[in-house]
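Numbering (the working numbering), first residue to last: 10 to 147. Reading through the structure tokens given below for one structure.
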């Protein structure tokens, strides 16, 4: 009876060693296959990148450059066209001292005419404006 259990134990040990060897061999083969796949995919990606850079990118540049130039030219033209109509002017200490720090201050010039605020379009002449409101919350 002892020989049967010993033989069974040895057979199970050999089976475990065989399975372990099989798993080790499969793992090594998979590592080699994965490394080969990675190398091949890197080469293909590099070839695609080089091909794109050489052949496709110049065509895209030729297509998009006029569009970008037209857009940027349009933006500059709009900026130049609208510039004379409005521009922000900071309140000068000597011109409108009552307007400094006021929430109602507008400070835009329209065709050369200054609009100081909505309450007093030409500004308040005295030291303290009766409609002055702080821009900071108290």
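Where a beta carbon is used, it is the ideal one built from N, C-alpha and C, also for glycine.
Using the Cβ count rule (16 or more neighbours within 10 Å means buried), how would you classify residue 42? Reading the chain shown from its first residue, position 33 is the one you call residue 42. Residue 42 is exposed by the Cβ-count criterion.
Give the secondary structure of residue 138 by DSSP, where H, G and I count as helix, E and B as strand, and everything else as coil. The sequence position of residue 138 within the chain shown is 129, counting from 1. In the structure shown, residue 138 sits in coil (DSSP, three-state: anything other than H, G, I, E or B).
So if DSSP puts residue 111 in a beta bridge, which residue, or which two residues, is it bridged to? Counting from 1 along the chain shown, the entry for residue 111 is found at position 102. Checking the DSSP bridge columns, you'll see residue 111 partnered with 143.
In whole angstroms, give me the CA-to-CA distance for residue 67 and residue 60. Numbered from 1 along the chain shown, position 58 holds the residue referred to as residue 67. Numbered from 1 along the chain shown, position 51 holds the residue referred to as residue 60. Distance between the alpha carbons of residue 67 and residue 60: 11 angstroms.
Using C-beta distances below 6 angstroms, list every residue in its chain close to residue 140, excluding the 5 sequence neighbours before and after it, in chain order. Position 131 of the chain shown, counted from the first residue, corresponds to residue 140. If we look at residue 140 and ignore the five residues flanking it on each side, its Cβ neighbours are 128.
Among 81, 111, 13 and 35, the one whose alpha carbon lies nearest that of residue 145: Taking the first residue of the chain shown as position 1, residue 145 is located at position 136. It is 111.
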